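*Asks:* Dumping the structure here so I can ask a few things about it.
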Amino acid sequence: MKDVKAFSQKALEKLGSSPINYLMLNAGTGMIKKVAETGPHGSKWIEPYLVNHLSQHYLMHLLRPKLEQSKARVVFVSSGAVRMVKDPSTLDDAMLAAKETDKAVYPASKFIQLLNAHWWRRELKGTSEVVAVSPGLIPNTGIARGSDMKLLDTLPDAKSVPEGAQSVLAAFFRNDIPEDPEQIFLTSWGEWWPKDVYGLTLDKALQDKWSPSQADIETEEGVTS
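The sequence shown begins at 0 in numbering that gives the first Met the number 0 and counts up one residue at a time.
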């Protein structure tokens with residue numbers, strides 16, 4: 000988180016009075032859970048949670064004034080894997096480093112990220128546009144490093160890196176945003192998913208729970224001014 004804060008400070012300094020027109024949140028890892036007393040840098044959370052969600056959420060806090068001033072569009076790079084989460088009550092244990100759980104935590108971490116996208120959509124209402132997009136299944140990005148996942152080019156749904164990039168790029172410029180503010184997910188084939196597909200992420204209490212304040216993040220993760 001200290002690196003995230005340093006990055007935000009340098010970015011804002013370099014931008015000066017220039018706006019942030021678009022912000023893409025794309026950091027992601029598919030590594031498996033490694034049970035330990037603590038996660039990276041003494042955090043209680045596992046690395047996939049820190050990379051796939053908390054670091055991005057913290058960056059949003061740090062950039063919020065500039066994003067609002069700029070009326071930016073924020074693009075969360077999501078995944079169809081969010082549909083694999085059937086019981087959100089399991090998320091706490093899945094993300095805690097010291098808890099013995101299923102090692103395949105990628106879907107859970109992306110589910111939490113989508114909860115957070117909805118939270119920011121509510122927070123930035125009237126100033127910034129928030130969308131989520133799936134690039135599709137892209138084997139050659141290194142997403143599976145550190146995991147047991149075998150992502151082959153020959154899989155039926157596999158897409159090339161350029162194809163995935165086109166899907167993500169579309170989220171920057173589509174002007175047919177659905178009227179329903181909860182319908183924010185753009186699929187890799189260019190359709191806005193009906194919100195019942197990811198209905199579990201529409202729980203506002205869950206969104207609030209997994210979207211801690213900047214102060215809480217800095218206290219918990221040991222980030223000083």
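Backbone N, C-alpha and C define an ideal beta-carbon position, used for all residues, glycine too. Quantities reported herein were computed from a predicted structural model and do not represent experimental measurements.
To the nearest whole angstrom, what separates the beta carbons of Pro106 and Ser187, a pair I think is in contact under 8 angstroms?
*Replies:* In fact, because the Cβ distance is near 16 angstroms, the residues do not count as touching under 8 angstroms.
*Asks:* By Cβ distance, which residues of its chain are closer than 7 angstroms to Phe171, with the 5 residues on each side in sequence left out?
*Replies:* Tyr21, Arg72 and Val74, listed in sequence order.
*Asks:* Put Met59 into one of helix, strand or coil per three-state DSSP.
*Replies:* Helix at Met59.
*Asks:* Answer with buried or exposed for Ala35, where buried requires no fewer than 16 other C-beta atoms within 10 angstroms of its C-beta.
*Replies:* Exposed, since its Cβ has fewer than 16 Cβ neighbours within 10 Å.
*Asks:* Could you pull the start and end residues of the alpha helix (DSSP H) that Arg120 belongs to?
*Replies:* Its alpha helix (DSSP H) spans residues Tyr105 to Glu122.
*Asks:* Please return the same chain residues whose Cβ sits closer than 8 angstroms to the Cβ of Ala97, not counting the five positions on each side in sequence.
*Replies:* Hits under 8 angstroms: Val34, Ala35, Glu36, Thr37 and Lys43.
*Asks:* Thinking C-beta only, is Ile176 closer than 8 angstroms to Ala116?
*Replies:* Against a cut-off of 8 angstroms, the Cβ pair of Ile176 and Ala116 comes out as no contact.
*Asks:* Under 8 angstroms between the Cβ atoms of His40 and Ile111?
*Replies:* Taking 8 angstroms as the Cβ cut-off, His40 and Ile111 do not qualify as a contacting pair.
*Asks:* Can you tell me where the alpha helix (DSSP H) with Leu14 in it begins and where it stops?
*Replies:* Lys1 to Leu14 is the span of the alpha helix (DSSP H), which, as asked, contains Leu14.
*Asks:* Measuring straight from C-alpha to C-alpha, what distance separates Leu114 and Asp92?
*Replies:* Leu114 and Asp92: Cα-Cα distance of roughly 17 angstroms.
*Asks:* Tell me the DSSP secondary structure of Met83 in three-state form.
*Replies:* DSSP places Met83 in helix when its eight states are reduced to three.
*Asks:* With a Cβ-Cβ cutoff of 8 angstroms, do Leu199 and Val104 count as a contact?
*Replies:* Result no, Cβ atoms of Leu199 and Val104 do not sit closer than 8 angstroms.
*Asks:* From the DSSP output, in three-state form, read off Val196 for me.
*Replies:* In this structure, Val196 counts as helix in the three-state DSSP scheme.
*Asks:* Would you identify the three-state DSSP class for Ala96, choosing helix, strand or coil?
*Replies:* Reduced to three states, the DSSP call for Ala96 is coil.
*Asks:* Output the boundary residues of the beta strand (DSSP E) element that contains Val73.
*Replies:* First-last of the beta strand (DSSP E) with Val73: Arg72 to Val76.
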